[in-house]
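Residue numbers (UniProt numbering), protein chains in the order written: chain A, 1 to 516; chain B, 1 to 108.
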């Protein structure tokens, strides 16, 4: 919608950019952004405006404000991964996905907050502090909250965004940008998307370039897309997907951007409901919503069948081993010599590296590195690392079998519950939390399959609940077509944010939500 | 089985990262316990999977230089440098042994 508005001149890119920047300032308490690139954003908006005036916009994304998770390299802009290790690091280049967006004329507003090095499921463990879920400040949530006594800080019961791409999800959810990039290794795009009520797409591994995305797990990482509606996600996908000679894990097949058709004949569709996703701890609300969704498809004429992915419950254990092992390897590059933090110790290379890493990494990162090294020790390699790789194959094969039996798309919940209050979340440590929260999203990363979170309803506490569709490899068009149909049926409510402007007026904010 | 101090020390050497406190060591213990669940799965005859793209061929490209000449940009982010060199403290000096270095493990 907003793209059409730009083309018709109803709003200019500069106005759009300024409005977003102003909103970012008003929503600073969300802590969604680490860096706001105000000057460059306005410059980009200005160039876009010139193009529109000439009647030559670069495409649908020209002039659209976007945000990028702070683990993507952005030339000339600080990239920190929310870690002391990279504070002050100014990237010398743009990640391929960032470059592609800029080439289309998108306006880069800033870098969003995350868990340190994308390790976590709450966006609470970065050095810049936790990200707050915008829904904590929505009328829908406030109406359902038990009124607290006047003396208690009204602010103390805010809920988390989920993670690790929490900043990106919060930015999209609070209207400060029209789309954001996240990353997804175990659910890091879909989890915060579910908690913040936005669409979170994890593309097939190998479809979108990882060049410039600071790696966590090379065999599972993918850039993730966060938008307010499924059509927007398809547009973003269209501009980002495709072979990149700089990333040898991208496939060489020709990718053709697509528009999503409106599904009219559901009867040809086969939806699988994996019974193992009825995991222990799944809230009864989400279970009910999942059931309602499956009925929705059934009543529309689709074939809805229960299927089994027997190795689902080992997915999280498998991930734990493979992730820590790859992390141990990937984090080895941070030694203080070429970039990033460097300790003052100068006695020897090894002691300097050790001191640098001691000072630069937080507990979570250090813990994963040490665990990873343990699993990779000669005496443990077969029993843990190789074993996990074998289990990975079993998990991937489960999906192959199910899709091979005629199922088109799987429907599952995305999270076990709605967003928890921050004070409650921090009572458990990061690893325990990640193990709990990633359970429903992780397997898709194991198998490299595309998956998307679609906001599906509000919980009793007035917070978003999302449902997940998992598709077949490189079948994003089918996946998103189904997701779009479902999104239309569900009519997820718009967030009614109550934000005080920094000129001291309280107002309710509703803007045109999508750009396509 | 608890992880021995020798192994913990070895890990600190390999990773060049410290456990810092009892919590750090406990974290590793719990991680191992968690990972042990893998042994419940029967993987006889199953090949390990390195990549989900294993059915595709890795491809090669021509050995032509297409990028480079960015020495200045690359040096910008380094703290210690001299002309076009990154400066490192002397190598070949291994991390001090357990008894001699500052580590939480000393007390164990």
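For each residue, glycine too, the CB sits at the ideal point set by N, CA and C.
For a test of the three-state rule: what should DSSP assign to residue i, helix, strand or coil?
i, result
"residue 461/A", "coil"
"residue 253/A", "coil"
"residue 408/A", "coil"
"residue 356/A", "helix"
"residue 325/A", "helix"
"residue 10/B", "helix"
"residue 151/A", "Reliability fails at residue 151/A, whose pLDDT of 46 lies under 50, so the model's placement of it is uncertain and the value that follows must be treated cautiously. Three-state DSSP puts residue 151/A in coil, outside helix and strand."
"residue 513/A", "Bear in mind that the predicted position of residue 513/A carries a pLDDT of just 49, short of 50, making it unreliable; the figure below should be weighed with that in mind. The answer is coil: DSSP assigns residue 513/A none of H, G, I, E or B."
"residue 23/B", "helix"
"residue 5/B", "helix"
"residue 233/A", "helix"
"residue 69/A", "strand"
"residue 224/A", "strand"
"residue 473/A", "coil"
"residue 59/B", "coil"
"residue 241/A", "strand"
"residue 51/A", "helix"
"residue 200/A", "strand"
"residue 484/A", "helix"
"residue 502/A", "Residue placement at residue 502/A cannot be trusted, given a pLDDT of 44 that sits under 50; the coordinates are not used to answer."
"residue 110/A", "strand"
"residue 94/B", "coil"
"residue 77/B", "coil"
"residue 191/A", "helix"
"residue 274/A", "strand"
"residue 84/B", "coil"
"residue 101/B", "coil"
"residue 452/A", "strand"
"residue 468/A", "strand"
"residue 45/A", "helix"
"residue 75/A", "coil"
Please compile the residues from chain B whose C-beta is within a distance smaller than 9 Å of the C-beta of residue i.
i, result
"residue 342/A", "78, 79 and 80"
"residue 349/A", "88, 89, 90, 91, 92 and 93"
"residue 202/A", "Neighbours of residue 202/A on chain B: none; closest Cβ ~13 Å, over 9 Å."
"residue 523/A", "Because chain A in this structure spans residues 1 to 516, residue 523/A falls outside the shown range and cannot be described."
"residue 358/A", "16, 17, 18 and 20"
Do residue i and residue j have their C-beta atoms closer together than 8 Å?
i, j, result
"residue 24/B", "residue 360/A", "no"
"residue 312/A", "residue 443/A", "yes"
"residue 260/A", "residue 307/A", "no"
"residue 206/A", "residue 250/A", "yes"
"residue 77/A", "residue 107/A", "no"
"residue 463/A", "residue 135/A", "yes"
"residue 98/A", "residue 68/A", "yes"
"residue 394/A", "residue 41/B", "yes"
"residue 242/A", "residue 258/A", "no"
"residue 305/A", "residue 411/A", "no"
"residue 339/A", "residue 93/A", "no"
"residue 350/A", "residue 11/B", "no"
"residue 188/A", "residue 219/A", "no"
"residue 58/A", "residue 104/A", "yes"
"residue 132/A", "residue 453/A", "no"
"residue 180/A", "residue 216/A", "no"
"residue 75/B", "residue 5/B", "no"
"residue 392/A", "residue 322/A", "yes"
"residue 286/A", "residue 145/A", "no"
Determine the chain B residues that contact residue i at a beta-carbon separation under 8 Å, and present them in chain order.
i, result
"residue 92/A", "70, 73, 74, 76 and 77"
"residue 538/A", "Lying before the first or after the last residue shown, residue 538/A is absent from chain A, which here runs from 1 to 516."
"residue 248/A", "58 and 59"
Cβ closer than 8 Å: which chain A residues qualify as neighbours of residue i?
i, result
"residue 29/B", "Going along chain A, no residue has its Cβ under 8 Å from residue 29/B, so there is no contact; the nearest lies around 10 Å."
"residue 37/B", "314 and 317"
"residue 50/B", "219 and 389"
Just checking residue i against the ligand ZN - is the residue's beta carbon closer than 7 Å to any of the ligand's heavy atoms?
i, result
"residue 71/A", "This structure simply doesn't include the ligand ZN, nor any ligand for that matter."
Given that residue i touches chain B, what residues does it touch there, using C-beta distances under 7 Å?
i, result
"residue 252/A", "59"
"residue 361/A", "17"
Residues of chain A with a CB under 9 Å from the CB of residue i: which are they?
i, result
"residue 1/B", "Going along chain A, no residue has its Cβ under 9 Å from residue 1/B, so there is no contact; the nearest lies around 12 Å."
"residue 47/B", "389, 390 and 393"
Find the residues of chain A that neighbour residue i, judging by a C-beta separation of less than 7 Å, and give them in chain order.
i, result
"residue 11/B", "370, 373 and 374"
"residue 6/B", "Within 7 Å Cβ-Cβ: nothing; residue 6/B doesn't reach chain A, min ~12 Å."
Inset, instruction - Give a yes or no on contact between the stretch 424-440 of chain A and the stretch 474-485 of chain A, applying the rule of three or more CB pairs nearer than 8 Å. - result: no
Inset, instruction - Pair every Cβ in the stretch 373-385 of chain A with every Cβ in the stretch 121-129 of chain A, then say whether three or more of these pairs are closer than 8 Å. - result: no
Legend entry - Contiguous beta strand (DSSP E) assignments of at least 3 residues, all confined to the stretch 366-444 of chain A: Counting only unbroken stretches of 3 or more residues, the beta strand (DSSP E) elements lying wholly within the stretch 366-444 of chain A are 409-413, in sequence order.
Legend entry - Given 8 Å, three or more beta-carbon pairs between the stretch 70-85 of chain A and the stretch 113-123 of chain A: yes
Inset, instruction - Report yes or no: do the stretch 169-183 of chain A and the stretch 15-33 of chain B share at least 3 C-beta pairs separated by less than 8 Å? - result: no
Legend entry - Minimum length 3: unbroken beta strand (DSSP E) runs contained in the stretch 298-347 of chain A: 303-307
Legend entry - Unbroken stretches of the alpha helix (DSSP H), 4 residues or longer, contained in the stretch 113-186 of chain A: 139-144 and 166-173
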